[in-house]
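Sequence lines, in order, name chains A and B.
Take 27 as the starting number for the first sequence in this note's numbering and just add one per residue.
Take 27 as the starting number for the second sequence in this note's numbering and just add one per residue.
Take a look at the structure set out below.
Protein chains: 2
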Amino acid sequence: MPPIAAPDESPAAEVGTIHEVLHAIGDPVRLEAVRRLDQAPEHMLPCSATYDGVSKSTASHHFKILREAGLTERRYVDGQLHLRLRSDDVDGRYPGLLGAVLAAASDTDQS
Amino acid sequence: MPPIAAPDESPAAEVGTIHEVLHAIGDPVRLEAVRRLDQAPEHMLPCSATYDGVSKSTASHHFKILREAGLTERRYVDGQLHLRLRSDDVDGRYPGLLGAVLAAASDTDQS
DNA sequence: TCACGGGTTCGATGACTGTCGAACCTATCA
DNA sequence: TGATAGGTTCGACAGTCATCGAACCCGTGA
């Protein structure tokens, strides 16, 4: 079954301002979610696979921030809600930003 | 007179973690300061030339955050305290990050 | 239809953070 | 030496924000 947009998510939000984007990835939990999405097939993961160490409700709050900053969107895959990183859109708006941030975040993760 | 390090600033701090750096530039006042420094000769400006719209004490608080994240250092030039952006060090640690962030910040500034 | 897994919203809370003015510090100059 | 410009530290404060559990919502399957 191909990815289906979540009900309230067509069309996707615009990529936010640089301030919004930096604020969104400036939180460690959110940066980690973005990093995992970036490394996942089709940049997509079930929500629950994007975080550890916080509660479901805290995670949900973080998802909202990422979504509203235009970094992610929601998709139903096989009946389960996934997050997809909109790296194409973000890269179009801020060339090189995600790459540099994620390279740094991955270095940190491996150290 | 060549730039002299401020008294408590030899050696310069290390460039901080990606979390620290993103947090530092995630504030609009601080991002603007970094943007101005990036565009200044030798990436250096008098402190007072790096901000508008906040008080001296607030600015000083922001300078401290930038400095402790390893993004800037202090220098006396002609008897006046300047800030210098350590773009070489930051670029060495996080290649492409500053460039992408500042390109985005400059786009925003010109719009 | 009911149960369940998975995610969202709400309200509360404590921690964090940007902000300011006052007092202070530093370098410079008359 | 005293004054000044420019920056720092301190304390206070209001607003923000990450966090949580409870209640709720949604999609799915028995």
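Ideal placement from N, C-alpha and C gives every residue a C-beta, glycine not left out.
At which residues does the beta strand (DSSP E) containing residue i begin and terminate?
i: Val103 (chain A); result: 98-103
Between residue i and residue j, which are expected to be in contact by the criterion C-beta below 8 Å, what is the C-beta distance as a whole number of angstroms?
i: Arg56 (chain A); j: Ala75 (chain A); result: In fact, because the Cβ distance is near 15 Å, the residues do not count as touching under 8 Å.
i: Leu97 (chain A); j: Val60 (chain A); result: 6 Å
i: Ala95 (chain A); j: Glu46 (chain A); result: 5 Å
i: Ala85 (chain B); j: Ile44 (chain A); result: Rounded, the Cβ-Cβ distance is 21 Å, inconsistent with contact.
Where does the unbroken alpha helix (DSSP H) through residue i begin, and where does it stop?
i: Val47 (chain A); result: 44-51
Would you say residue i and residue j are within 8 Å of each other, going by their C-beta atoms?
i: Gly118 (chain A); j: His49 (chain B); result: no
i: Cys73 (chain B); j: Leu128 (chain B); result: no
i: Tyr120 (chain A); j: Ala126 (chain B); result: yes
i: His69 (chain B); j: Leu111 (chain B); result: yes
i: Arg93 (chain B); j: Ala39 (chain B); result: yes
i: Ala41 (chain A); j: Val103 (chain A); result: Residue 41 (chain A) is actually Val in this sequence, not Ala. Cβ distance not < 8 Å, so Val41 (chain A) and Val103 (chain A) don't count as in contact.
For residue i and residue j, I'd like the C-alpha separation in whole angstroms.
i: His113 (chain A); j: His87 (chain A); result: With the sequence shown as reference, residue 113 (chain A) is identified as Ser, and His is not the correct amino acid for it. When rounded, the distance between both Cα atoms is 21 Å.
i: Asp78 (chain B); j: Gly105 (chain B); result: 22 Å
i: Ile91 (chain B); j: Leu71 (chain A); result: 35 Å
i: Val80 (chain A); j: Phe89 (chain A); result: 12 Å
i: Asp64 (chain B); j: Lys82 (chain A); result: 41 Å
i: Pro54 (chain B); j: Pro54 (chain A); result: 19 Å
i: Asp133 (chain A); j: Asp133 (chain B); result: 28 Å
> Counting only runs that start and end within the segment 60-123 of chain B, where is the beta strand (DSSP E) found for 3 or more residues in a row?
Replying inline: Taking only runs of at least 3 residues, the beta strand (DSSP E) segments lying wholly in the segment 60-123 of chain B are 70-72, 98-103, 106-111.
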